[in-house]
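Residue numbers for the sequence shown follow UniProt numbering, beginning at 1 and rising by one. Note that CB positions come from ideal geometry on N, CA and C, so glycine has one too. Everything numeric in this text was worked out from a predicted model, so none of it was measured.
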Amino acid sequence: MRERVLTWNDLKGKQRHRGYERERHRSPYSISPPGSPHESTGSTNGSGSTTWSFRKGEDDTLDGDNKKTAEDYEKLLQKYQQEEQARKIAPPPSSSRPRLTFGVEIEFCLAYLVPSGIIYRNGGRAQRGLPHTTNPDPEDGRIVEGIASIEPDAAVLEQLEGLEKFTYTAKLDTQRQKEAFQHIIKTLAEYGIACRDRYPNNRADPNADPFAWTLTGDGSVDDPTTETAANYNFCDVEIASPPLYNHPDSHAEVRRVLDILTYTYRINCDTNETCGLHVHVSSDWNPNPDPLLPVKRSPGFHPRNLANLMATLWVFESVLEIIHPKHRRKYATWSAFCEPLCVSSQLAIEYDSATNTKWKRDGLKRLLSLREEQDCKEICKLCEPQVERLAYNTENLRLLYQTTQDRNRRTIEFRGAQASVLSEEVYNWAKVCTGLVEFADTVDEKILDTFLTVHLDDKPADFSVFELLCAIGRPEQAEYYDEKIRERDQEGGDEDSTPSYEPEDFWGLPDVDEDEF
């Protein structure tokens with residue numbers, strides 16, 4: 001008989017993400033003491049919720065409320081101009097524990113019109129050319145004109161005459177994209193937020209502002225194909241934050257940028273299956289006690305912590321993916337860029353997940369056996385993908401051992417989420433990602449071994465997202481995603497995500513024979 005340690009009502013408290021001041025409750029599995037070094041203590045604003053509310057357009061083509069006015073825009077501008085300009089996030093108090101940093105990358109399609117009234121589509125996407133001279137939704141105060149104004153040359157215009165379909169040159173596409181980037185950079189600068197085009201200097205630019213957000217294109221992002229989308233041109237954009245400490249002010253900065261983008265532009269990403277949200281997390285661990293050694297040269301993760309993290313993901317990957325829509329899960333069309341660790345990693349191949357009945361247990365033992373390694377090289381090798389990229393990507397850590405150049409990130413990348421420019425969604429997924437790393441950094445090894453062994457073969461119906469997020473010390477996100485999954489089930493149905501438990505029946509860990517592991 002398992003001992004009951006926590007109830008749904010205990011966890012529920014006051015719902016901070018609904019605008020109330022929410023009480024903090026700790027999970028029975030959470031090992032981090034109050035005032036964890038990963039997150040500075042002090043007042044917080046939860047998700048940094050703003051007074052603005054967002055809703056999707058009627059046909060879900062454009063994200064956010066499609067009735068922003070010039071007055072709304074000015075209010076937002078005045079609000080953010082009163083805040084500190086280009087805030088530099090201060091590190092949390094010093095501690096012997098590693099400090100977590102994170103960053104977000106959001107892919108989206110930016111809608112715009114050009115003076116010629118021609119609707120363009122670049123090569124490889126929907127090829128259409130339609131005459132259009134007026135704003136399709138003049139009541140929408142967000143910008144679509146003046147973002148990209150470069151006209152096609154005479155040869156292209158001659159090609160377009162009388163044609164419904166065409167392909168325009170890659171050069172023209174690049175010109176329009178760069179002009180759109182400059183428009184975004186200028187907009188963010190009005191609010192005191194530094195932003196730059198990542199190319200041509202990329203991250204190798206020694207003079208680049210380390211606190212600046214960066215913009216680049218993404219060839220994997222496709223234009224939306226809805227009826228409303230036919231009235232616009234679209235530019236593929238990926239915006240990435242600078243490295244930020246896991247601190248409430250950092251989440252507030254992400255919220256500011258997303259609010260500005262959503263209030264200024266007509267964006268498509270939430271319903272676009274080709275757009276993803278990627279969260280990078282790093283543990284600021286440096287094995288060299290020499291204070292003169294630059295922090296940027298640290299390996300990023302202690303082998304023990306990375307082994308704990310990848311073992312946790314190895315066991316609970318099928319539970320975590322229920323957070324995401326079906327097209328972001330294994331075997332779906334776009335999961336080629338976020339393939340499962342338990343299916344497509346070298347570790348899964350080595351233990352032959354197709355025929356070996358004990359492959360998952362064997363893989364878990366292998367990962368945990370690498371805690372005492374001198375570096376993370378072997379762990380990264382086992383977590384390499386067969387073809388594309390895994391949902392939990394260690395490539396940036398692996399490159400540390402393959403190049404002498406000091407330009408790559410020291411992060412693990414969480415690639416599974418659907419893109420969104422809604423601050424609440426980005427905040428909660430970022431908190432899950434940092435929570436998993438924090439859990440791996442602080443959990444007692446014996447407790448973790450027992451925890452993973454007990455739930456090794458669990459499916460989402462056996463051990464839910466709600467229970468897992470409570471276990472890693474993220475009850476706020478547990479409640480957020482539990483409600484979101486239930487709403488999704490009611491709207492469209494998702495047979496893989498309905499838990500078999502009632503919220504009141506939240507139980508602790510059963511006893512396990514340690515000799516079994």
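When DSSP labels each residue in this structure, what does residue i get in the three-state scheme?
{"i": "His-324", "result": "coil"}
{"i": "Asn-268", "result": "strand"}
{"i": "Cys-433", "result": "helix"}
{"i": "Ser-500", "result": "Its pLDDT being 32, under 50, Ser-500 is placed unreliably in this model, and the coordinates cannot settle the point."}
{"i": "Tyr-112", "result": "strand"}
{"i": "His-183", "result": "helix"}
{"i": "Glu-476", "result": "helix"}
{"i": "Leu-277", "result": "strand"}
{"i": "Phe-211", "result": "coil"}
{"i": "Thr-442", "result": "helix"}
{"i": "Ser-49", "result": "Bear in mind that a pLDDT of 30 at Ser-49, under 50, signals an unreliable position, so the number given afterwards is only what the model happens to contain. It is coil, neither helix nor strand."}
{"i": "Cys-470", "result": "helix"}
{"i": "Leu-422", "result": "coil"}
{"i": "Asn-393", "result": "strand"}
{"i": "Gly-363", "result": "helix"}
{"i": "Cys-342", "result": "helix"}
{"i": "Ala-194", "result": "coil"}
{"i": "Ile-147", "result": "coil"}
{"i": "Arg-486", "result": "helix"}
{"i": "Thr-450", "result": "helix"}
{"i": "Thr-312", "result": "helix"}
{"i": "Ala-189", "result": "helix"}
{"i": "Val-104", "result": "strand"}
{"i": "Pro-303", "result": "helix"}
Using CA atoms only, rank isn't needed, just tell me which of the options is closest to residue i.
{"i": "His-327", "options": "Ala-440, Thr-434, Thr-271", "result": "Thr-271"}
{"i": "Arg-389", "options": "Arg-409, Lys-365, Gln-374, Gly-416", "result": "Gly-416"}
{"i": "Phe-414", "options": "Ser-282, Pro-210, Glu-253", "result": "Ser-282"}
{"i": "Gln-177", "options": "Tyr-392, Glu-139, Arg-198", "result": "Arg-198"}
{"i": "Asn-207", "options": "Arg-196, Gln-374, Asn-428, Val-432", "result": "Arg-196"}
{"i": "Leu-244", "options": "Pro-224, Gly-219, Glu-105, Pro-136", "result": "Glu-105"}
{"i": "Leu-364", "options": "Ala-348, Gln-374, Asn-396", "result": "Ala-348"}
{"i": "Pro-340", "options": "Leu-368, Arg-366, Ala-391", "result": "Ala-391"}
{"i": "Ala-189", "options": "Gly-473, Arg-488, Arg-474, Leu-261", "result": "Leu-261"}
{"i": "Tyr-480", "options": "Thr-442, Phe-301, Glu-378, Glu-425", "result": "Glu-425"}
{"i": "Arg-486", "options": "Lys-446, Arg-266, Pro-325", "result": "Pro-325"}
{"i": "Glu-483", "options": "Ile-323, Asp-375, Val-343", "result": "Ile-323"}
{"i": "Arg-409", "options": "Asn-135, Glu-139, Ala-148, Ser-241", "result": "Ser-241"}
{"i": "Asp-362", "options": "Ala-311, Leu-320, Pro-138", "result": "Ala-311"}
{"i": "Pro-303", "options": "Asp-249, Lys-377, Arg-256", "result": "Lys-377"}
{"i": "Leu-320", "options": "Ile-472, Asp-137, Glu-350", "result": "Ile-472"}
{"i": "Glu-139", "options": "Arg-266, Phe-301, Cys-380", "result": "Arg-266"}
{"i": "Thr-214", "options": "Pro-224, Val-257, Asp-249, Thr-228", "result": "Val-257"}
Could you compute how far the alpha carbon of residue i sits from the alpha carbon of residue j?
{"i": "Gly-103", "j": "Glu-145", "result": "31 Å"}
{"i": "Thr-264", "j": "Val-421", "result": "12 Å"}
{"i": "Arg-26", "j": "Leu-306", "result": "Caution applies to Arg-26, whose pLDDT of 34 falls short of 50 and renders its modelled position unreliable; the value that the coordinates give is listed next. Going from the Cα of Arg-26 to the Cα of Leu-306 covers about 23 Å."}
{"i": "Leu-370", "j": "Leu-468", "result": "24 Å"}
{"i": "Ala-180", "j": "Val-437", "result": "36 Å"}
{"i": "Ala-419", "j": "Asp-222", "result": "13 Å"}
{"i": "Gly-141", "j": "Ile-193", "result": "22 Å"}
{"i": "Glu-372", "j": "Asn-308", "result": "11 Å"}
{"i": "Glu-253", "j": "Trp-359", "result": "43 Å"}
{"i": "Ser-220", "j": "Glu-273", "result": "10 Å"}
{"i": "Val-432", "j": "Leu-100", "result": "13 Å"}
{"i": "Asp-218", "j": "Gln-175", "result": "15 Å"}
{"i": "His-251", "j": "Gln-346", "result": "34 Å"}
{"i": "Leu-382", "j": "Asp-444", "result": "23 Å"}
{"i": "Pro-385", "j": "Gly-276", "result": "18 Å"}
{"i": "Cys-342", "j": "Asp-352", "result": "10 Å"}
{"i": "Ala-212", "j": "Lys-459", "result": "41 Å"}
{"i": "His-278", "j": "Leu-448", "result": "26 Å"}
{"i": "Val-465", "j": "Leu-368", "result": "23 Å"}
{"i": "Asn-135", "j": "Ala-430", "result": "36 Å"}
{"i": "Arg-474", "j": "Asn-428", "result": "10 Å"}
{"i": "His-247", "j": "Thr-434", "result": "11 Å"}
{"i": "Thr-187", "j": "Leu-400", "result": "36 Å"}
{"i": "Leu-397", "j": "Gly-300", "result": "8 Å"}
What are the complete beta strand (DSSP E) segments, minimum 3 residues, inside the region 223-268?
233-240
Exercise. Touch check for the region 216-236 and the region 105-114: three-plus C-beta pairs under 8 Å?
Worked result: yes
Quiz item: How about the region 449-463 and the region 313-325: do they share at least three Cβ pairs that are nearer than 8 Å?
Solution: yes
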